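Residue numbers (this note's numbering), protein chains in the order written: chain A, 92 to 292; chain B, 92 to 292. Notes follow once the structure below has been shown.
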DNA sequence: CCATATCTGAACCGCTGGTCCAGTTAATAT
DNA sequence: ATATTAACTGGACCAGCGGTTCAGATATGG
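Right, here's the structure in full:
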């Protein structure tokens with residue numbers, strides 16, 4: 092299954108190989124250097140391709156970083172949609188919210204500079220107007236829904252932005268980079284439980 | 092009082108005039124354009140001085156933005172330290188926290204792109220290592236103290252970063268720029284009251 | 001009115017994200 | 001096999017950035 096009727100328009104083999112090489116190179120460089128030192132040029136050199144190829148494939152520096160983030164976020168999205176509680180459906184909203192925020196913190200911690208790099212890419216982009224990051228949009232929608240479910244009287248949309256925004260705060264991000272996601276997770280839990288009410292003891 | 096014994100080393104008259112012109116020009120440009128379009132060069136042209144002068148006076152783009160922020164934040168700092176409650180000392184921690192966060196939101200709203208511009212300056216700075224913004228440090232210390240006072244059992248330091256981080260979130264910041272600080276203030280209040288407990292009815 | 005330390009600003013630097021396009025190459029039809 | 005063709009490639013190129021430099025202008029103290 093999954094065979095296209097019109098098998099045309101597939102990605103060419105060399106293009107696919109180069110795309111993987113570029114993503115791997117970017118990954119590696121971000122693991123070793125802060126985002127502002129990882130220029131598109133350096134990624135291209137490390138991947139063994141020309142700079143034009145990177146832009147042809149990903150459109151912009153921002154596009155590259157977004158692709159990298161999507162790769163990492165996919166697993167979490169699936170666990171939320173169809174996995175077991177409390178991350179997946181079935182648990183009360185407070186518990187799902189605490190579990191989800193904890194998972195996001197852990198994901199951010201495991202991926203070091205990536206979140207900061209995407210941020211940096213958006214901040215320095217020269218040509219893109221104001222593109223919303225689809226991963227962030229998905230996370231925000233999920234958090235908003237859980238808050239609304241538990242506390243219909245508050246501004247869930249705004250509070251969801253507020254909570255998720257902590258990933259972009261430098262003091263918190265640097266702790267995440269050092270591998271400590273537990274501290275952020277605990278604070279998420281304190282706020283979520285204060286807002287939605289502690290789950291029945 | 093306040094007169095220096097050695098009145099030497101005063102700022103030269105033309106230098107002072109130019110400094111004011113630069114700050115005013117930056118202010119004006121930030122009111123009309125997003126931060127990434129307000130380059131140091133453009134500020135210099137608008138102020139009628141050379142680019143070198145701007146750097147001589149403020150050290151870097153980041154230094155310029157920090158100076159601008161300090162100007163605006165000074166008034167709030169004073170109200171917190173010695174003004175009437177609930178902003179100043181005397182009220183219970185919850186009320187002081189809600190009042191302070193509301194004031195910060197309003198300040199951010201009134202100053203449009205400034206917060207984002209400072210953020211942008213730090214993100215794109217080429218020469219500065221990692222300088223902490225003294226205004227932010229002060230705000231963070233205040234929020235941390237208030238949280239600790241009301242809830243000694245939580246990680247006040249982390250939660251303070253989390254709350255203040257919302258100012259850097261693009262979706263929230265754009266609403267602030269449009270003048271709506273009330274929405275953020277209400278969400279701050281919901282979280283603060285959830286955390287510290289609603290003030291006695 | 002002079003001496004001089006400070007201030008000024010245009011030219012300059014290295015580097016960035018992004019564009020361009022002539023030439024190469026993989027996939028398909030014959 | 002070979003021809004056809006559309007997609008891919010990559011290095012030269014660009015405008016713009018933050019930041020540095022330093023010879024000349026200028027305010028100020030004596």
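The beta-carbon is built from N, C-alpha and C at its ideal position, and this holds for glycine as well. From a predicted model like this one, the values you see are computed outputs, not experimental measurements.
query: If you draw a straight line from the alpha carbon of residue 189 of chain A to that of residue 214 of chain A, how long is it in whole angstroms?; result: 30 Å
query: Among B/181, B/104, B/286, B/257, which residue has its Cα nearest to the Cα of residue 272 of chain B?; result: B/257
query: Any contact of the region 190 to 205 of chain A with the region 247 to 262 of chain A, i.e. 3+ C-beta pairs under 8 Å?; result: yes
query: 8 Å is my cut-off, CB to CB: does residue 181 of chain B come that close to chain A?; result: no
query: What are the residues of the region 242 to 253 of chain A that lie near chain B, defined by any Cβ-Cβ distance shorter than 7 Å?; result: 245, 246, 249, 250, 252, 253
query: Can you tell me the Cα-Cα spacing of residue 180 of chain A and residue 170 of chain B, whole angstroms?; result: 47 Å
query: Hey, does residue 192 of chain B have any beta-carbon neighbour from chain A nearer than 8 Å?; result: no
query: Can you check whether the C-beta of residue 214 of chain A is within less than 8 Å of a C-beta belonging to chain B?; result: yes
query: From what residue to what residue does the alpha helix (DSSP H) around residue 105 of chain A run?; result: 104 to 123
query: What three-state label does DSSP hand residue 178 of chain B in the structure shown?; result: coil
query: Taking the alpha-carbon positions, what's the residue 208 of chain B to residue 120 of chain B distance?; result: 11 Å
query: For chain B, find out if any of its Cβ atoms is closer than 8 Å to the Cβ of residue 263 of chain A; answer yes or no.; result: yes
query: Could you check if residue 139 of chain A is buried or exposed, using at least 16 other CB atoms within 10 Å of its CB as the buried criterion?; result: exposed
query: For the region 254 to 287 of chain B, which residues have a beta carbon sitting closer than 7 Å to at least one beta carbon of chain A?; result: 256, 257, 259, 260, 262, 263, 274, 275, 277, 278, 281, 282, 285, 286
query: Find the residues of chain B that neighbour residue 211 of chain A, judging by a C-beta separation of less than 8 Å, and give them in chain order.; result: 214
query: Would you check if the distance between the CB atom of residue 152 of chain B and the CB atom of residue 202 of chain B is smaller than 8 Å?; result: no
query: What did DSSP end up calling residue 129 of chain B once you bin it into helix, strand or coil?; result: coil
query: Specify the secondary structure class of residue 200 of chain B as computed by DSSP and reduced to three states.; result: helix
query: Am I right that residue 251 of chain A and residue 238 of chain A are in contact with their C-beta atoms under 8 Å? What's the rounded C-beta distance?; result: 6 Å
query: Out of B/247, B/185, B/244, state which residue places its alpha-carbon closest to the alpha-carbon of residue 280 of chain B.; result: B/185
query: For residue 199 of chain A and residue 155 of chain A, which I take to be in contact (beta-carbon distance under 8 Å), what is that distance rounded to the nearest angstrom?; result: So it is not a contact: roughly 18 Å between Cβ atoms.
query: According to DSSP, is residue 143 of chain A helix, strand or coil?; result: helix
query: Report yes if the CB atom of residue 145 of chain B is closer than 8 Å to the CB atom of residue 131 of chain B, and no otherwise.; result: yes
query: With a Cβ-Cβ cutoff of 8 Å, do residue 148 of chain B and residue 111 of chain B count as a contact?; result: no
query: What's the C-alpha gap between residue 105 of chain B and residue 137 of chain B?; result: 17 Å
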